[in-house]
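Below: the structure, in C-alpha cells.
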Amino acid sequence: MKPARLIMTLFTAVTLSVPLASTASAAPETDGHHHTLRWAAPKGFHIGSAVAGGGHHEEQPYPDPFTSDRPYRRVLAAEFSSVSPENQMKWEYIHPERNRYNFGTADAIVRFAKQNRQVVRGHTLLWHSQNPEWLEQGKFTADELRAILREHIKTVVGRYAGRIQQWDVANEIFTDSGALRTTENIWIRELGPGIVADAFRWAHQADPKAKLFFNDYNVESVNAKSDAYYALIKDLRAAGVPVHGFSAQGHLSLDYGFPDDLERNLKRFASLGLETAMTEVDVRMTLPASGVPTEAQLRQQADYYQRMLTACLNVRTCRSFTIWGFTDKYSWVPVFFQGQGAATVMWNDYTRKPAYHALRSTLAGRR
Ligand code: G3I
Numbered sequence: 001m002k003p004a005r006l007i008m009t010l011f012t013a014v015t016l017s018v019p020l021a022s023t024a025s026a027a028p029e030t031d032g033h034h035h036t037l038r039w040a041a042p043k044g045f046h047i048g049s050a051v052a053g054g055g056h057h058e059e060q061p062y063p064d065p066f067t068s069d070r071p072y073r074r075v076l077a078a079e080f081s082s083v084s085p086e087n088q089m090k091w092e093y094i095h096p097e098r099n100r101y102n103f104g105t106a107d108a109i110v111r112f113a114k115q116n117r118q119v120v121r122g123h124t125l126l127w128h129s130q131n132p133e134w135l136e137q138g139k140f141t142a143d144e145l146r147a148i149l150r151e152h153i154k155t156v157v158g159r160y161a162g163r164i165q166q167w168d169v170a171n172e173i174f175t176d177s178g179a180l181r182t183t184e185n186i187w188i189r190e191l192g193p194g195i196v197a198d199a200f201r202w203a204h205q206a207d208p209k210a211k212l213f214f215n216d217y218n219v220e221s222v223n224a225k226s227d228a229y230y231a232l233i234k235d236l237r238a239a240g241v242p243v244h245g246f247s248a249q250g251h252l253s254l255d256y257g258f259p260d261d262l263e264r265n266l267k268r269f270a271s272l273g274l275e276t277a278m279t280e281v282d283v284r285m286t287l288p289a290s291g292v293p294t295e296a297q298l299r300q301q302a303d304y305y306q307r308m309l310t311a312c313l314n315v316r317t318c319r320s321f322t323i324w325g326f327t328d329k330y331s332w333v334p335v336f337f338q339g340q341g342a343a344t345v346m347w348n349d350y351t352r353k354p355a356y357h358a359l360r361s362t363l364a365g366r367r
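First residue of the sequence shown? That's 1 in my numbering, and the numbers climb one at a time after it.
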C-alpha cells in the first residue's frame, strides 16, 4: 500500500470511531479501500459527492443523514476525495437571520473533509433559490443589499479560507434561453448584472486560493444557455474579474438523449483558460409500476454516468467530478419528480449499481 493511501485509511478509521447520534442497520459493501472510487481515480483527479442534509431532507422521515447515519459517513469517507455541502452552505441554512450565522454543520463538513483528506466544493454564494425570508421579503435599499451580500461573502468565504478548493460563486444565473434571471434573482434584479462581477471580486479577496466558478444545469451541451456563459465569462476575464471555472451540474434523465457534445462544450471553456468540472451528476429515470428499475434502465444509466465521466477525463482542465449524492436513500429526485428516481449509483442499503462499477472501472482505466 502506498504511504499516502495508508495514512488516508488510518484517518478514515479515526473519523469513524467518533460515536454518532444514531446508526442505521444496513452495512455498506466493504470489499477493501482499494476497491473504492477514490482509490481508482488518477492522481490529482477528485471524485466527489454531495453531503446529504438540509433542503428536502428536513421534510423526510429520517434524521439528518450526515450527522446521524454512520454507514452513510463511512461510505462518504471511503469512496470520495471531494465533498460538497448539498444545502448546508446555502443562504437559508448558513445565514438564517440577518445578524445570525449558523456555521455548525458547515464547520463539521469541512472538518470531516480534512480528517478524511478530502477537498471541499463550496456551494453557493449568489443564487435565486433557497434564500432566507428575511432577505427575500426585507425592504432593503440597493446600498443595504449590496452591503449584505458583501458581508455574507466576506464572512462565509473568509471563514473557510484555505479549506475550500472550488466555490460555486454564482449559481444558475441564466434561464435555458440564455437570458439573465432578472426577476427571480434578487441580486441581479435589485442591483443589476454588475453585482455578479463584484461577488467574484469579494470572494477572491476573502480567499485568494479558492477557484471561483459559475455553475448551472442544462449547460452540458453547446446551447443558448452555455453560449450565454461563454460570452459572459469571456467579457469578465477580459475585464480582469477573478473567474476561474465553469461547471456543468450533470443532472441527466434517461427520458432524454445523452448530450453528445459535452466534451466539446467543456473544451471550449477550457480554451478560455478556465478550470471545468462536473458538479452534481445524477441520472434519473421514470420508474416502472414496480418501482424497481429494469436491467435495461440500469445498463443505460451506467452508460450515461460513464460517458459524463469520460467527457470530463478527456478535458485537460476537468479535474473534479461530483455526484449529487451516492445513495437513492437520500436522493432529491423522487421529491422533485413524481414517478422518477433511482438516480444515484447505490441502492438504499449502499450496495452498488452497475453505474457505480462503470464509474470505478472508467477511473481505473485512466490511472
Ligand atoms: O423553503 C420551503 C418551505 O418554505 C416549504 O414549506 C417546504 C415545503 O415543501 O419547502 C421548502 O423548500 C425546500 C428547499 O429545499 C429549502 O429547504 C424544498 O421543498 C426542497 O425540495 C429543497 O431541496 C433542495 C433543492 O436544492 C432546493 O432547490 C435539495 O435538497 C437539494 O438537493 C437541491 O440541490 C440543487 C443544487 O443546490 C443546485 N442545482 C440543482 C440541485 C437539485 O435541485
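The beta-carbon is built from N, C-alpha and C at its ideal position, and this holds for glycine as well.
Note that the coordinates shown come from a computational prediction; the quantities given were computed from them, not determined experimentally.
For residue i, does the three-state DSSP call read helix, strand or coil?
i	result
residue 60	coil
residue 328	helix
residue 200	helix
residue 179	coil
residue 308	helix
residue 345	coil
residue 128	coil
residue 111	helix
residue 123	strand
residue 340	strand
residue 66	helix
residue 100	strand
residue 269	helix
residue 55	helix
residue 362	helix
residue 316	coil
residue 240	coil
residue 192	coil
residue 25	Residue placement at residue 25 is flagged as unreliable, the pLDDT there being 38, under the threshold of 50; the coordinate-derived value follows with that caveat. The answer is coil: DSSP assigns residue 25 none of H, G, I, E or B.
residue 95	coil
residue 292	coil
residue 205	helix
residue 158	helix
residue 259	coil
Identify every residue that forms a DSSP beta bridge with residue i.
i	result
residue 321	47 and 278
residue 216	248
residue 211	166
residue 253	284
residue 174	180
residue 83	49 and 120
residue 352	346
What residue from the options has the CA that sits closest to residue i's CA?
i	options	result
residue 274	257, 287, 301 and 213	213
residue 243	203, 152 and 112	203
residue 66	113, 37 and 42	113
residue 68	59, 53, 43 and 81	53
residue 148	95, 192 and 111	95
residue 129	299, 294, 46 and 186	186
residue 340	100, 137, 161 and 253	253
residue 219	238, 184, 267 and 189	267
residue 349	359, 331 and 216	331
residue 345	262, 359, 365 and 58	359
residue 316	58, 265, 87 and 171	265
residue 236	217, 102, 276 and 198	198
residue 151	166, 134, 164 and 98	98
residue 146	239, 329, 126 and 84	126
residue 101	89, 251 and 334	89
Quick one: is residue i buried, meaning 16 or more other Cβ sit within 10 Å of its Cβ, or exposed?
i	result
residue 62	exposed
residue 284	buried
residue 289	exposed
residue 249	buried
residue 336	exposed
residue 305	buried
residue 42	exposed
residue 193	exposed
residue 361	exposed
residue 169	buried
residue 40	buried
residue 72	buried
Using a Cβ-Cβ cut-off of 8 Å, state whether residue i counts as contacting chain B.
i	result
residue 74	The structure shown has no chain B; it contains just one protein chain.
Hey, is residue i close to ligand 3, as in C-beta under 7 Å from one of its heavy atoms?
i	result
residue 253	Questions concerning ligand 3 fall outside what the structure shown contains, since the ligands it does hold are ligand 1.
Original post:
Does the count of Cβ pairs from the segment 117-124 and the segment 88-106 closer than 8 Å reach three?
Top reply: The segment 117-124 vs the segment 88-106: in contact.
**OP:** Could you tell me whether the segment 222-233 touches the segment 165-184, using the rule of 3 or more Cβ pairs below 8 Å?
**Re:** yes
Original post:
Can we say the segment 191-210 touches the segment 142-155, given the rule of at least three CB pairs closer than 8 Å?
Top reply: yes
**OP:** State whether the segment 321-331 contacts the segment 258-274, with contact taken as three or more CB pairs (one from each stretch) at a distance under 8 Å.
**Re:** no
Original post:
Below 8 Å, can you find three or more Cβ-Cβ pairs linking the segment 353-360 to the segment 297-313?
Top reply: yes
Original post:
Three or more beta-carbon pairs under 8 Å between the segment 76-85 and the segment 40-52, yes or no?
Top reply: yes
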